[in-house]
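This is the structure we're talking about:
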């Protein structure tokens, strides 16, 4: 796999390789002072704006403005971060954009497991919660609840004499949500945010006890919750859970308790003559006759919340987030971390045997001062009153809209640019295809020079500016909370880059197709394909630019399974602790497997698997004392074949 094809570039490396200087547009205190094109009262103010616009020749555009000199006035005020640190804001824009898009979504969060955001939220009354125990009795306090019964039953429903408590909220619960795989117990970054917030320090190699001691972590999280005046904490691994610190005080009521013990299970567990799971080890090892199905149903319930448009599944919508209190470690105000999100995370273009836009991001360099600032932000975000400044913008929906509009078209444009252009007719078809696609992106904003009575450069400036401001230009900045500012700016930066990229494709292909952007409107097509060598070179150039853009935003990560899965299959991606890694130690990389590059690609690649596949290749990515002897994959498949005969 060549470097240009590899989807595992770091953002910093991409910026260096393409000598990219993105827009330095920043916010002003009041909307009228913004240097970007402002849309006010339906009037398009272009005159003075055109004099300020300078477009770079390669990979981007820049709207020059003088950044505000002042820095945030207090530790908890960070509204001017992008004004104070415009270049850093450009670098982290894709990370903030992706963070907001990924909130409460299983699929994108599994490719960015090292969470960097904390968001206040609420769980509505009459929401069902589940807690399984291996033995009778009330749930202990504090209590971990699953939002899906399948998750609880897979963890504690397969051994002993288990009970399942089905409970319900009777009032609204106030929570904070820790994004990413914050309930995934690893030493590679999934717990960094919690370690920083709770302990004030992030060790590079945390001890096994620090990683796996969930009881102590629950106590400390509830001490934090008590200070914040909230009911609990929402986290995710292979599914979403909520830690309710005192379900009695929070009025979480038990509806019924079911003894889900399978008859004969205890006798079976103590029968030394029986083999312990001839195929694979489900969570917590061997169990009753349904243990393997229980593990598979946990995987199935995880897919319900993929939240990815190409794979189906909705986000975990039983938690309602308040993005007016969105706090993130990516904020440029946290100066000790500003260089830790770029570079230094590549080992054969991977990090911790995986990839994704934000996969390798750690909080190892967080200073005590910045951790203190972040704690202040969480306190501020959770204590906001009803009359606090908040635009009530649905930021995730806005970012999803931008993603939906551009992602599939960008992928299709890259698909055409990747085609073989050695044949003249094939090259012509490539240019024609990207011409119509780029026009579709710009169509709502574009007026041809001959129609509008303007020059080509004026048409370009107006089209790109209207496109760039389409989703944020009308928003009153004075209505935004401090925490919303970074989301708004990041959305603008991403959208403006996409608009400029679309224009570059459109302008180039128009010059080769029809020449409609010329003020005369006369076609130049008869001569546009005379030098096919140049055309092929330009196709390669546009392909590289498009591939770079997808990497920069993070849209190069796998979006779906390559084929449609059969009714007895699920589109699977690795989600701790239920891991499918055929031929590898149980848990794959989570069990310390040293994979080759080819095996790494296969491990992370989405694939359709059946329960029979999972029985042979699935296992527990947990601490060593919970591991059981592996059964070779081929032996397992042979046993399955014998059973069917």
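In full-length UniProt numbering, the protein residues as written are 1 to 645. Even for Gly, the Cβ is constructed at its ideal location relative to N, Cα and C.
Could you tell me whether the Cβ atoms of residue 441 and residue 406 are closer together than 8 Å? yes
Since residue 120 is in the beta strand (DSSP E), which residue starts that stretch and which ends it? 117-123
Evaluate residue 157 with the Cβ neighbour count: other Cβ atoms within 10 Å of its Cβ, from every protein chain shown; 16 or more gives buried, anything less gives exposed. buried
What does the Cβ neighbour count give for residue 255, buried or exposed, with the cut at 16 atoms within 10 Å? exposed
Entirely enclosed beta strand (DSSP E) segments - the stretch 194-246, minimum 3 residues: Runs of the beta strand (DSSP E) inside the stretch 194-246: 232-237 and 239-244.
Straight-line gap, residue 602 to residue 180 (C-alpha atoms, nearest Å): 22 Å
Just mark residue 502 as buried or exposed, buried being the case when its beta carbon has 16 or more other beta carbons within 10 Å. buried
Under DSSP, the alpha helix (DSSP H) around residue 324 begins and ends at which residues? Counting along the chain, residue 324 falls outside any alpha helix (DSSP H), and DSSP gives it neither H nor E.
According to DSSP, is residue 128 part of a helix, a strand, or is it coil? strand
If we call anything under 8 Å between Cβ atoms a contact, is residue 296 one with residue 614? yes
Which of the three DSSP states is assigned to residue 515 in this structure? coil
Residue environment, residue 369, which counts as buried when at least 16 other CB atoms sit within 10 Å: Exposed.
Going by beta-carbon coordinates alone, are residue 375 and residue 176 separated by less than 8 Å? no
For residue 256, write down the residues that DSSP places opposite it in a beta bridge. 166
Do residue 192 and residue 363 come within 8 Å of each other at the CB atom, strictly closer than that value? Contact flag set, yes.
With DSSP as the reference, please indicate the residues paired to residue 608 in a beta bridge. 571
When the Cα of residue 590 is compared with those of 190, 120, 90 and 140, which residue comes out closest? 190
With 16 other Cβ atoms within 10 Å as the buried cut-off, status of residue 481: buried
Where does residue 334 fall in DSSP's three states? coil
Does the Cβ-Cβ distance between residue 183 and residue 241 come in under 8 Å? yes
Please report how far the alpha carbon of residue 586 lies from the alpha carbon of residue 395, in whole angstroms. 39 Å
Measure the Cβ-Cβ separation of residue 570 and residue 299 and say whether it is below 8 Å. yes
Got a sec: is the Cβ-Cβ distance from residue 618 to anything in chain B below 8 Å? Protein chain content of the structure displayed is limited to a single chain, and chain B is not contained in it.
DSSP puts residue 590 in a beta bridge; with which residues? Per DSSP, none; premise fails for residue 590.
Distance, Cα to Cα, residue 302 vs residue 174? 24 Å
Out of 605, 540, 418 and 451, point me to the one whose CA is closest to residue 563's CA. 605
Does residue 415 come out as helix, strand or coil in the three-state DSSP assignment? helix
Is the distance from the Cβ of residue 81 to the Cβ of residue 332 below 8 Å? The answer is yes: Cβ separation under 8 Å.
Is the CB-CB distance between residue 498 and residue 507 below 8 Å? no
Do the stretch 383-399 and the stretch 216-224 make contact, defined as three or more Cβ pairs closer than 8 Å? Three or more beta-carbon pairs separated by less than 8 Å are not found between the stretch 383-399 and the stretch 216-224, which leaves the two stretches without contact.
Where the beta strand (DSSP E) through residue 146 begins and ends: 143-146
For residue 308, which of helix, strand or coil comes out of DSSP? strand
Which one or two residues does DSSP pair with residue 450 in a beta bridge? DSSP lists no partner for residue 450.
Given a threshold of 16 other Cβ atoms within 10 Å of its Cβ, counted over all protein chains shown, does residue 87 qualify as buried or as exposed? exposed
Just curious, the beta strand (DSSP E) that residue 156 is in, first and last residue? Under the DSSP assignment, residue 156 falls outside any beta strand (DSSP E), being part of the alpha helix (DSSP H) whose first and last residues are 149-156.
Considering just the uninterrupted stretch of the alpha helix (DSSP H) at residue 103, what are its terminal residues? No alpha helix (DSSP H) holds residue 103; DSSP gives it neither H nor E.
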